[in-house]
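Working notes, structure below.
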Amino acid sequence: MFVPWHSLSSSARWIGVGLIGLGLVVGCDQPKKKRNDTDKPAIKSVYPTLPPVADLPEFMKGTIYELAQTMDIEPLVVSGYGLVADLYDTGDSTVPMVVREYILRDMLKRGIPQAQRILDDKRVAIVQVDATMPPGIRSGQQFDAQVSAIAGSLVTSLTHGQLYQCELSEGGANQLSPGNPVAVKARAQGAIFVNPAYALLGKPDPSSQAAASLRYGVILNGAQALVDRPMRLRLRSPQFSMARYVENRIDSKFQSPDTAAAENEAVVSFIVPPRYAGDWDHFRNLVTHLYVDARPQLIPVLGQRLVEAAGKPNAPLLDISYCLEGLGEAAAPFIDTLLGSDDPAVVFASARAGAFVQHQGAIYTLMEMARNEKHPFQLSAVQTLGKLPVSPMIASRLRQLLDSSQEQVRVEAYKTLANHKDPSIITRVVNERFILDLVPGKGEPLIYASRTGLPRIALIGQPTVVAQPVMYSAMNNQFMISTQEDKTLLLYYRGSDAKQPIKMRSGATLAEVLARLGGDGEEGQAMLNFSYSEVLGILQQLTSQGKLVALEASGQELAASLFLQEMPNASGATYSAAVLEAPDASASQALTPEQLPVLRPDSPLNTTVGGVEDNRARPQ
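Heads up: the sequence shown is residues -15 to 604, going by my numbering.
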């Protein structure tokens, strides 16, 4: 029964106040329970508990790798259908009607008139476009895409083709239902790079290997991500508090609140920071090798454990190196200890970790390795130096390596200097088709050509010229290079795509010849219009014929060699290396049906419907 307060007697009121006061006192004596996520009603997680890592080394205990499994570290396949133009009458648009109608609708949306007539032109082809978005890629970053003739079409060659802008999504190249506008993740467009060994053949024998190869091509750096693609950590034992702790540990390490995000009690996503320049594998390994509890008082114990582990036979040195790197500057005394090892693999592993935490002794050690052509980790040292922030000291050492006797060492040194825009390299963009770099040096003439990323040709070492006299022909004698009386070269082309034969004069230097082939020339003069594939095909043939040389003061000719960029290999598991092996500094690689490109025509096909700016991949 409820009794109103105002109806109680005076003594009753005081008794009530006393009881309330006693209750407050008793309540104050009880310890307050801190609220956290564990106070929530016990709800069974939809994520099951995962088994622990088997055979985990002692030094890896306490790392994020022990706590979580890494997810979304495989490339994401996206695809779509697109339109290729500028072919040498080798195209065809005979494809399933659903696909043809999809392309027609897209052309009409972009305001392209006479779409049906365009598709009937042999200079045009409907193609399938496939690409793999790397893990950790961020919106706006670029990557390669593959173009292929659709099964059943009569396309004979994609040489010289230009892919106009198309959208890529998961399952976008579905012949029953083309495109997926709701889940567009990337766009692609640009010049198609076919196998240079076959690029000059025109229409090959239908039964030949060349015919099969020329139905495929690659647009290097021609795809652009429209969304971020984070990697994820799956906690082995789901728990809200631990997920947030891992998030804070990663954000604190990389000094950014946007690097990691706890999505729920079992999943923490993380994205590659810009300073890692898209090197998702390095960043992923560093994240998973972070110690969850790395308080200053624990560093001596953790560091000593790593030193002891590195001294054991068949130690997983790459994992040890990542753990040291994760400790940051506090790892300096332990890195110093390992730098004194007699084992070159141990020294490199510690120097590698030290370099990334700006340990000057480690950086100096790497530079000494890079200079020593007999060191088993010379190439690895050069590659590691290339990932460090640019500095005058490192740039000076890399310039010296341009004259190394090891071709791959020279190339790695060049690539780093080019990425850092070193002033010693003279760079020009040839008609938006490829980048031409002149890299001065005293070494033998070396020509480097890229097959992934931006299309680049680098002339490294002594100046390269076309040996004279020369009489070179290609493309069934439609293109020729010949020596003139004044020792200049005549470039002659009479292909079916030219309204009239093109005659151009050029000096004998290879740099000038390459620029002329790519479309440079004097104003008012008819220009050549070769694609990067065709330029590289000509370059390869001239090299194999011994027509590219450097002239020494004695008059002796030094034959130039061609080094083609190696194709990247997918990285293995995070915790995998039993030992750290020195790479094979091999010479130039054999040509296989692979890649390269950029774009060209300002066409409505190269703009996004709705007026969104056209973000085409252009050499910078």
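The beta carbon of each residue, even a glycine, is placed where N, CA and C say it ideally should be.
Note that the coordinates shown come from a computational prediction; the quantities given were computed from them, not determined experimentally.
Checking 9 Å against the spacing of the C-beta atoms, do residue i and residue j come in under that value?
i, j, result
"Y182", "G530", "no"
"L204", "T411", "no"
"I319", "R122", "no"
"S364", "R383", "no"
"G287", "S325", "no"
"A335", "L350", "yes"
"L474", "G491", "no"
"S517", "G174", "no"
"I48", "V271", "yes"
"L88", "Q100", "yes"
"A451", "D421", "no"
"A537", "A510", "no"
"V113", "L152", "yes"
"K405", "G312", "no"
"P118", "G262", "yes"
"S545", "L438", "no"
"L142", "R199", "yes"
"G120", "P214", "yes"
"I378", "I347", "yes"
"F177", "S515", "yes"
"V211", "K169", "yes"
Report whether the distance from the Cβ of residue i to the nearest heavy atom of the ligand PLP is below 8 Å.
i, result
"A339", "By its list of ligands, the structure shown contains no ligand whatsoever, and the ligand PLP lies outside what it can speak to."
Since residue i and residue j are thought to touch, with beta carbons under 8 Å apart, how far apart are those beta carbons, to the nearest angstrom?
i, j, result
"D70", "R94", "With a Cβ gap of about 17 Å, D70 and R94 do not count as contacting."
"A652", "A227", "What is shown of the chain runs -15 to 604, which leaves residue 652 out entirely."
"G345", "F418", "Not confirmed; about 41 Å, so no contact."
"L369", "I441", "Contact flag wrong, Cβ pair sits at about 24 Å."
"L51", "V230", "7 Å"
"S77", "L103", "4 Å"
"F43", "A196", "That pair is no contact at about 50 Å."
For residue i, I'd like the list of residues in its chain whose CB is within less than 8 Å of its CB, leaving aside the five on either flank, ordered along the chain.
i, result
"N599", "The pLDDT assigned to N599 is 34, lower than 50, so where the model puts this residue is not dependable; a value taken from the coordinates is nonetheless given after this. Closer than 8 Å at Cβ, skipping near neighbours: G124, R171, Q208."
"P658", "The question about residue 658 has no answer here: the residues shown for the chain are numbered -15 through 604."
"V366", "A354, L382, L385, V393, E396, A397, T400"
"N316", "Per the sequence shown, residue 316 should be read as Ala rather than Asn. These residues qualify, in order along the chain: G338, V341, H343."
"H266", "Y260, K371"
"V83", "Y65, I110, I134, Q159, P162"
Figure out for me which residue from the options has the closest Cα to the Cα of residue i.
i, options, result
"Q53", "V61, L60, P32", "P32"
"L526", "L494, A537, S325", "L494"
"P80", "P35, L34, A157, V533", "A157"
"L523", "Y348, T448, D128, K187", "T448"
"Q549", "S434, K405, D406, E231", "S434"
"Y65", "P439, Y275, P165, F547", "P165"
"L535", "E496, E428, R489", "E428"
"P453", "G479, V413, L532", "L532"
"Q540", "Q446, K487, R500, G505", "Q446"
"K45", "E469, T467, C150, R289", "R289"
"Q149", "Q239, S197, L184, D90", "D90"
"V423", "S253, P360, R218, I444", "I444"
"Q362", "P328, P376, L219, P373", "P328"
"V37", "N298, E506, R220", "R220"
Using a Cβ-Cβ cut-off of 6 Å (strictly less than) and excluding sequence neighbours within five positions of residue i, which residues of its own chain qualify?
i, result
"P280", "none"
"G508", "none"
"K17", "Unreliable placement is indicated for K17, whose pLDDT of 44 sits below 50; the coordinate value is still reported in the next sentence. Excluding residues within five positions, none has a Cβ falling inside 6 Å."
"V68", "A109, V111, G145, L147"
"A314", "I283"
"K426", "D387"
"P485", "R478"
"L6", "Unreliable positioning characterises L6 in this predicted model, as indicated by a pLDDT of 36, which lies under 50. The coordinate reading is nonetheless provided below. Cβ within range, chain order: n/a, list empty."
Does residue i have its Cβ less than 9 Å from a Cβ in chain B?
i, result
"S132", "Absent from the structure is chain B; it holds one protein chain and no more."
Among the residues of its own chain, which have a CB less than 7 Å from the CB of residue i, if the five just before and after it don't count?
i, result
"E357", "S388, S389, Q390"
"T116", "P59, L60, V61"
"N460", "G186"
"M464", "Y456, S457, Y476"
"T321", "V291"
"A167", "S153, E154"
Residue i bridges to which residues according to DSSP?
i, result
"K487", "Y476"
"E151", "R171"
"S466", "M455, L474"
"L217", "T54, V252"
"G64", "V113"
"D327", "Answer by DSSP bridge pairing: none, since D327 is not bridged."
"D235", "Its beta-bridge partners do not exist; DSSP assigns none."
"Q130", "D114, V202"
"A537", "In DSSP, A537 forms no bridge with anything."
"L546", "I431"
"Y275", "T47"
"I347", "Paired residue(s): none; I347 is not in a bridge."
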